[in-house]
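The structure appears right after this line, and notes come after that.
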Amino acid sequence: MSDTLTSTPAADGYRMPGEFEAHSGCWIAWPERTDNWRLGAKPAQAAYAAVAEAISASGEPVTVAVSDRQFEHCRSVLSPSIRVVEISTDDAWIRDMGPTFVIDDAGGRRGIDWRFNAWGGLNGGLYFPWDRDDRVAAKVLEIEGAARYRAPIVLEGGSIHVDGQGTLIATEECLLNENRNPKLSREQIEGALHDYLGAEKVIWLGRGVHLDETSGHVDNLACFARPGVVLLTYAEDRGDPQHEISEDALARLRAATDARGRRLEVITLPSPGPLTITAQEADGVDQVAGTLPRRAGDRLAASYVNFYLGTRRIVFPLLDERHDARAAEILRGCFPDREVLGVPAREILLGGGNIHCITQQVPAP
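Residue 780 in the numbering used here sits at position 37 of the sequence shown, and the numbers go up by one each step.
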């Protein structure tokens, strides 16, 4: 097992970099749960493979973690340039169960192993058990040869975004939820974010995307395009519950200053849909007690903000042909130095998240 450190990243001079900073790789975990992914997870596996190939083709090394049962199949459908390693998981959301990497100014790279409880534990969590997921971060850090900090709080990688310069955005709905760290106050959680990520200022948004089953992860609502610039999903329809959520987030962001004292520029992305699960899609999922059911007519928490910000390429989800082209245009304007590539991602969305949720960047030290 990689070294487990007893100090904190901030005390050791480490910080979480922004996702727009250079990467040396990306991790993805292979889906196979038949009680979350329809038709034996085959459609989801095709979508995951497309994301992996899109990132790998840009020159960013990709590693896919997969169970022993699926190893040979996974290896057979991915390009030889993509590394495949055997790691046991409970599901396939490595953004949330995997490590958060931190770097220092001397070329060091370490990782944070957050405590994971499947987005709420026995109080609203999405499945049980989750013990294999809780061990994934340590295994990834072992393979990467990175020293490990075991954080004292429950937190998922999708619940935070940083600008790499001391500013962090998160939602109150998620980080202050009683099913994560019920004994900690807002100030204590902010203290942990400072100690482990180098966050000097936390900008609190209210709720996440409407009906997001992760208790409102910020990575489905808003993200930093670069320091001082935030992308926000925005529903124009005043009758859509997402409109009020986006308006509140927009007001909070415009009223805030970052850790450097700058006012934030907010760029809005159209909100897809509303999109719902079809009867055919719901029928393809095994119904198992203890796992969140997939029911026909349920609204999907769709968002174009849920993209992978690679070193050379943006890989974003194609979700709604009425808005896909506009989303691509906005992203190209935000990232003129990167190629913008859309990948069909409804199959990922049906499982409860999207491209950002299934990826975890490894920053270049």
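Cβ coordinates follow ideal geometry from the N, Cα and C atoms, glycine included.
Unbroken beta strand (DSSP E) runs of no fewer than 3 residues, entirely contained in the region 761 to 798, are found at 766 to 772, following chain order.
According to the DSSP secondary-structure assignment, L1018 is paired through a beta bridge with L1043.
Between T749 and Y892, the alpha-carbon positions lie close to 7 Å from each other. In the structure shown, the three-state DSSP call for K944 is strand. Closest option to I1073, judged by alpha-carbon separation, among I1010, C917, P1036: I1010.
Comparing alpha-carbon positions, the option among Q908, D991, A1088 lying closest to A1002 turns out to be Q908. By the Cβ-count criterion, V1105 is buried, with 16 or more other Cβ atoms from all chains shown falling within 10 Å of its own Cβ.
For I855, there is no enclosing alpha helix (DSSP H); the residue is found in the beta strand (DSSP E) stretching over 852 to 858. Looking at S928, E987, I912, D991, the one whose alpha-carbon comes closest to that of R969 is I912. The straight-line gap separating the alpha-carbon atoms of A754 and Y939 is approximately 9 Å. Taking C-alpha positions only, A787 is separated from P774 by approximately 7 Å. Between the region 828 to 844 and the region 869 to 877, the count of C-beta pairs closer than 8 Å reaches three or more; the two stretches touch. In the pairwise beta carbon analysis, the region 944 to 960 is classified as touching the region 892 to 902: at least three pairs are separated by under 8 Å.
Taking one beta carbon from each stretch, the region 797 to 805 and the region 1049 to 1060 have 3 or more pairs nearer than 8 Å; the two touch.
Taking all protein chains shown into account, L865 has fewer than 16 neighbouring C-beta atoms within 10 Å of its C-beta and is therefore exposed. A check of alpha carbon separations from T1021 across P1013, L1007, R1037 identifies R1037 as the nearest.
The alpha-carbon of M759 is positioned some 26 Å away from that of I1091. Rounded to the nearest angstrom, the gap between the Cα atoms of E979 and I771 is 33 Å.
Considering only T1054, S822, Y1047, the residue with the shortest C-alpha distance to G768 is T1054.
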